[in-house]
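**Student:**
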Amino acid sequence: MNLKEIKNILERNFDKEPSDGKNRHIIFWYDSDGEFVEDIDELELKNAKILKLKDNNSFYIKYLLEKLDMNSNYLIYSSAPKPSPKENYLLDILKYSSEFSTDKATVIMKDLGVKDDSLRNTFKKYLKFFGNKERYKRFASYKLENFTEEKVHIAVLSTICKLSVADFELALRTILKEEIKDENKYLQDIKRFGDIDEFWKLVEKKYGYHLEDKNLEHLMIMFTITHLSYNLEEELPDTWEKFISNKQSDAIVFLSHFINHSVDSEIYDILADRIEKKINLRKHLSRWNIENYINCDTFRAFDEEIISKLINNLIEKIGEYERYRKIINSRRTSHWFNKYKYEYEAIYYAMEILRLENKLQKTLRGSTAYEMIENYVKEYYLFDYFYRKFYISYDKIQNKDKFSKLVELIENTYTHWYLNELSIKWSDIIENELKEDIRINGITQQIDFYENYIAPHVRNNERVFVIISDALRYEAAKEFSDILNVQRRGKAEITFMQGVIPSYTKLGMASLLPHREIIINNKSEIIVDGINSQGTENRKKILLNYSDNAIAIQYNDMKDMKRKDYKKVFEGKNLIYIYHNVIDAIGDKPLTERDVFEGVEKTFDDLNNLIRNLINNVSATNIYITSDHGFIYRRSTLQEFDKIQKTTLKSLDESRRFILTEDNPEIEGTLSISLNYIFGNKTTLKAIVPKGVTRFKVQGAGANYVHGGASLQEIVIPVIKFKNIRKNEFKSTKVEVKLTNISRKITNRITYLEFFQTEKVEDKKIPIRLKLYFVDEEGNRISNENIIIADSRSSKPEDRTYREKFTLKDQPYDKSKKYYLILEDEDETVDKIYEKIPFIIDLAIINDFDF
């Protein structure tokens, strides 16, 4: 305990001039309840000595004061009651001395600056609490002003909970959090050092807990059911009604803060899971309509039930795809979304596959090669994109049991309908239209890449970078082009070329090089202008024939390069080819082909980092990203009918998707494509490729990922042209969100506010995620929290409008003061406040409300 006040009083008394001819002061302090027995040893007086009176030292003290030391000031402290005159051996000394008396409550109050004497009994109640130095110190650190009984109770609870501020909401949350442990130490300490009855009175006063049974489990049930009822558009079960708080607004705000807390929310989840089972929520959920609990996020069961119903609806092909999209979008702002993010994403991409199938009425159109390839790059490629995104999410789901039938449906739709339908239709077009010359009129050819895209830069003496990412197929490149437009200052545009057949690495890589002649020798080596095109050094030699300042380099050799290394390697170079290989390296191996879609994601990261480094370190301006070939991948196991038996023939090279031969075999289910369009009219070499997406039978595993054939997924080669432009107009900025309500006055505790996303998301306009809540002038939160994800790409204003529901705490509001609506950008780390809008709150009635 802090004895500063006692020390000051005693020293002032000892400093007084002795009266009646005395030469010193002797003061007796009878501490009848022994309140200061543990503290007296800490007391030091600058102008007096201290003696402790015990049962057996009265004679010694008398002898000391009257014989040994007759000049010094003395404080005589006794932890016993003052004895009767007959039993007081120091009575004669006491008669010419003075007495000092106090109690701990008085000392504590004076030390803390408490002037209201009516609080004495409150402090007496907490003497045991204040008897601990650490508790006393923490209580004092709150620096309370204008003490009230309630403030003292809250400060005691906050101290027991070891909080840095005196706050009942924080204290209660801390106490509830401890419920996940076997023993709630804070509740036990309240019973030992605090006042458990005062705790429950505060719970009732602040949050409307009115049940006779005072226990924390029922309190948590009250909070969760009250919070649930806030957004639930169903009748509550009768057994739940008694748990609705008498102060609903404060209970809702309390749980909103608990749910949305960056750290404590994890403990909330554990508590919520217990309550969910206790109230048997899932039994009721099965009977409720999704739209009636679409905004409820009190329990995880809501998300799990929504996920199950969406899966079942997709399997049943009910076809309400726009409804499903709205449901998924609405859940993105819910508390549990991140825990079920991959489930929702998998459902979303499965839905998109089925929606596109439905939109096309299960018919792929295109009567000519040009029409078909144009339809592919405009729309059909989306099947490949959605399929890839589906499995990226699906693979990350922990419990996949409920997805088994949906996976089967997606495989049937994508693999057995779309892939087969598209590839057979395309094979028929090749057979009927492109038999003599595989090249499609009006479509840029891969073998003309250098001349069409790169040569103009070289001729103008402009530096140009070419990044060739092995197996980067069109749908993936389209996504990466969008990523560049969002994340990089500059402009990315994507187009495509018709790739070479067979669509394999050696031929594809050679086609992308500058060349006058491409031939193939009897070792199956692709020779460009007399130089073997295999290997980085050989490709560099080929490039040097077209520019004295050319270089070829592998991405793997650049991974650890620093800024000075970039400058050293690329200084003076105008024609730079960079080779990247992740997708094909993963897909071509039987053990890793299942991870090929993750390889695409890894490729995005690699290429993004590479482009950033080129821009930052060597001021790259003209960057092209392309590929040697695409690929086909299916997750489901191939059956015998998915394979073609090869006949015995002399081949120069072969794989699961092609055979290079000069023979003229008649293999059923294959196409024969002359390669004179690459190697010249003298060649008799031809590529034998399976029709559709079937594979040649080859021993060993690894047939799900393939390339080398003539399918659109394999031969539609992307070309991304990225132009680094430093102007601000080419820098990505977030869309704006504005409050549209004209009035800045709130008159109801439940209030709805409307917000408008002023522009749609596109190219350089990117989404923004905002957290919304109200605060008072001191920054204290006085409402629940809402989330807006402004990412609409719609041109319709109604699709970019957000209506949010706010509940204010049940407390007095001063209409002469300012309150603020805070819009907080959750993605910012420093300047998080997006907008701070002043409001007047004028509630005519401040009692509780009904929903």
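Just so we're aligned, residue 6 is where the sequence shown starts under our numbering, counting upward by one.
We put the CB at the ideal spot given by N, CA and C, even for glycine.
#1: Nearest to residue 289 by CA position, among 257, 736, 244, is which residue?
#2: Using the C-alpha atoms, what's the distance from residue 807 back to residue 797?
#3: Contact between the stretch 396-411 and the stretch 452-467 is defined here as three or more beta-carbon pairs at a separation below 8 Å; is this criterion met?
#4: Starting from residue 498, trace the beta strand (DSSP E) in both directions and tell me its first and last residue.
#5: Nearest CA to the CA of residue 642: which residue from 660, 700, 614, 679?
#6: Please return the same chain residues whose Cβ sits closer than 7 Å to the Cβ of residue 920, not counting the five positions on each side in sequence.
#7: Compute the Euclidean distance between the alpha carbons of residue 176 and residue 751, then round it to the nearest angstrom.
#8: For residue 757, write down the residues that DSSP places opposite it in a beta bridge.
#9: Who are residue 449's beta bridge partners in DSSP?
#10: How far does the alpha helix (DSSP H) with residue 234 in it reach, from first residue to last?
#11: CA-CA distance, residue 233 and residue 426?
#12: When burial is assigned at 16 or more other CB atoms within 10 Å of the CB, is residue 596 buried or exposed?
#13: Could you pull out every residue in the same chain whose Cβ sits closer than 6 Å to the Cβ of residue 707, ignoring the five residues on either side in sequence?
#14: What separation, rounded to the nearest whole angstrom, lies between the Cα atoms of residue 794 and residue 748?
#15: Comparing C-alpha positions only, which one of 709, 510, 19 sits nearest to residue 473?
#16: Between the Cα of residue 504 and the Cα atoms of 715, 461, 673, 347, which residue gives the shortest distance?
#17: Just how far apart, CA to CA, sit residue 250 and residue 150?
#18: Can you tell me whether residue 252 is buried or exposed, with buried defined as 16 or more other CB within 10 angstroms of its CB?
#19: State the Cα-Cα distance for the pair residue 656 and residue 721, rounded to the nearest angstrom.
#20: Considering only residues of the stretch 408-448, which uninterrupted alpha helix (DSSP H) runs meet the minimum length of 4 residues and lie entirely inside it, listed in chain order?
#21: According to DSSP, is residue 608 helix, strand or coil?
#22: Since residue 517 contacts residue 723 with CB under 8 Å, what's their CB separation in whole angstroms?
#23: Start and end of the beta strand (DSSP E) containing residue 83?
#24: Quick one: using the 10 Å Cβ neighbour count with 16 as the cut-off for buried, is residue 254 buried or exposed?
#25: Following the continuous beta strand (DSSP E) through residue 304, name the residue where it begins and the one where it ends.
#26: In whole angstroms, give me the CA-to-CA distance for residue 615 and residue 645.
#27: So is residue 9 buried or exposed if we call it buried at 16+ other beta carbons inside 10 Å?
#28: Does DSSP put residue 800 in a helix, in a strand, or in coil?
#29: Look at the Cβ atom of residue 719, then the Cβ atom of residue 637, and state whether they are nearer than 8 Å.
#30: Residue 475 to residue 336, Cα distance in whole Å?
#31: Helix, strand or coil for residue 830? Go by DSSP, reduced to three states.
#32: DSSP puts residue 666 in a beta bridge; with which residues?
#33: Who are the Cβ neighbours of residue 228 in its own chain at under 6 Å, not counting the five residues just before and after it?
#34: Short check: CB of residue 531 to CB of residue 557, under 8 Å?
#35: In whole angstroms, what is the alpha-carbon distance linking residue 854 and residue 207?
#36: Hey, is residue 217's beta-carbon within less than 8 Å of any beta-carbon in chain B?
**Tutor:** If we stick to the structure as given:
#1: Residue 289 sits at position 284 when you count from the first residue of the sequence shown. Comparing Cα positions, the closest option is 244.
#2: On the sequence shown, position 792 is the one that residue 797 refers to. On the sequence shown, position 802 is the one that residue 807 refers to. Distance from the CA of residue 797 to the CA of residue 807, rounded to the nearest whole angstrom, comes to 11 Å.
#3: No: fewer than three Cβ pairs fall under 8 Å.
#4: Here the question's residue 498 lines up with position 493 in the sequence shown. Counting along the chain, the unbroken beta strand (DSSP E) around residue 498 starts and ends at 496-503.
#5: If you number the sequence shown from 1, residue 642 lands on position 637. Shortest Cα-Cα distance from residue 642 to any of 660, 700, 614, 679 involves 700.
#6: Past the edges of the chain, shown from 6 to 856, lies residue 920, and the structure says nothing about it.
#7: Counting from 1 along the sequence shown, the entry for residue 176 is found at position 171. Counting from 1 along the sequence shown, the entry for residue 751 is found at position 746. Cα to Cα, the separation comes out at about 29 Å.
#8: Against the sequence shown, residue 757 aligns to sequence position 752. Looking at the DSSP output, residue 757 bridges to 810.
#9: Within the sequence shown, numbered from 1, the residue matching residue 449 stands at position 444. According to DSSP, residue 449 bridges with nothing at all.
#10: If you number the sequence shown from 1, residue 234 lands on position 229. Run containing residue 234: 221-236, per the alpha helix (DSSP H) assignment.
#11: Looking up residue 233 in the sequence shown gives position 228. Looking up residue 426 in the sequence shown gives position 421. Within the model, the alpha-carbon separation for residue 233 versus residue 426 is close to 48 Å.
#12: Within the sequence shown, numbered from 1, the residue matching residue 596 stands at position 591. With fewer than 16 other CB atoms across the displayed protein chains lying within 10 angstroms of its CB, residue 596 is exposed.
#13: In the sequence shown, the residue the question calls residue 707 occupies position 702. Same-chain partners within the cutoff: 595, 598.
#14: To locate residue 794, count along the sequence shown from 1; it is residue 789. To locate residue 748, count along the sequence shown from 1; it is residue 743. If you take the alpha carbons of residue 794 and residue 748, they lie about 24 Å apart.
#15: Taking the first residue of the sequence shown as 1, we reach residue 473 at position 468. For residue 473, the nearest C-alpha among the options comes from 510.
#16: Residue numbering aside, residue 504 sits at position 499 when the sequence shown is read from its first letter. Minimum Cα distance to residue 504 is reached at 715.
#17: For the purposes of this step, residue 250 is taken as the residue at position 245 of the sequence shown. For the purposes of this step, residue 150 is taken as the residue at position 145 of the sequence shown. Their Cα atoms are separated by approximately 31 Å.
#18: The sequence position of residue 252 within the sequence shown is 247, counting from 1. In summary, residue 252 is buried, with 16 or more beta-carbon neighbours lying within 10 Å of its beta-carbon over all protein chains present.
#19: Looking up residue 656 in the sequence shown gives position 651. Looking up residue 721 in the sequence shown gives position 716. Going by the C-alpha atoms only, they are around 26 Å apart.
#20: Entirely contained in the stretch 408-448, the alpha helix (DSSP H) runs reaching 4 residues are, in chain order, 409-416, 425-438.
#21: The residue you call residue 608 lines up with position 603 of the sequence shown. Residue 608: helix per DSSP, three-state reduction.
#22: In the sequence shown, residue 517 corresponds to position 512, counting from 1. In the sequence shown, residue 723 corresponds to position 718, counting from 1. The Cβ separation is near 12 Å, so there is no contact.
#23: Working through the sequence shown from its first residue, we reach residue 83 at position 78. Unbroken beta strand (DSSP E) run through residue 83: 79-83.
#24: To locate residue 254, count along the sequence shown from 1; it is residue 249. Buried is the call here.
#25: Within the sequence shown, numbered from 1, the residue matching residue 304 stands at position 299. Per DSSP, residue 304 belongs to no beta strand (DSSP E) and is neither H nor E.
#26: Numbered from its first residue, the sequence shown carries residue 615 at position 610. Numbered from its first residue, the sequence shown carries residue 645 at position 640. Rounded to whole angstroms, residue 615 to residue 645 spans 43 Å at the Cα level.
#27: One-based indexing of the sequence shown puts residue 9 at position 4. The residue in question, residue 9, is exposed, as its Cβ has fewer than 16 Cβ neighbours within 10 Å.
#28: Counted from its first residue, the sequence shown places residue 800 at position 795. Residue state, collapsed to three classes: coil.
#29: Numbered from 1 along the sequence shown, position 714 holds the residue referred to as residue 719. Numbered from 1 along the sequence shown, position 632 holds the residue referred to as residue 637. In contact: residue 719 and residue 637 (Cβ atoms closer than 8 Å).
#30: The residue given as residue 475 occupies position 470 in the sequence shown. The residue given as residue 336 occupies position 331 in the sequence shown. Straight through space, the alpha carbons of residue 336 and residue 475 are spaced by roughly 38 Å.
#31: Residue mapping note: residue 830 aligns to position 825 of the sequence shown, counting from 1. Looking at residue 830 - three-state DSSP - the assignment turns out to be strand.
#32: For the purposes of this step, residue 666 is taken as the residue at position 661 of the sequence shown. Residue 666 has 691 as its beta-bridge partners, per DSSP.
#33: Locating residue 228 in the sequence shown gives position 223, counting from the first residue. Result list for residue 228: 256, 260, in chain order.
#34: Here residue 531 is taken as the residue at index 526 of the sequence shown, counted from 1. Here residue 557 is taken as the residue at index 552 of the sequence shown, counted from 1. By the CB criterion at 8 Å, residue 531 and residue 557 fall outside the cutoff.
#35: As a first step, residue 854 is located in the sequence shown; it is residue number 849 there, counting from the start. As a first step, residue 207 is located in the sequence shown; it is residue number 202 there, counting from the start. Interpretation of residue 854 is limited by its pLDDT of 43, a score under 50 that renders its predicted location unreliable; the figure taken from the coordinates is listed afterwards. Between residue 854 and residue 207, the C-alpha separation is close to 20 Å.
#36: This model lacks chain B altogether; it includes just one protein chain.
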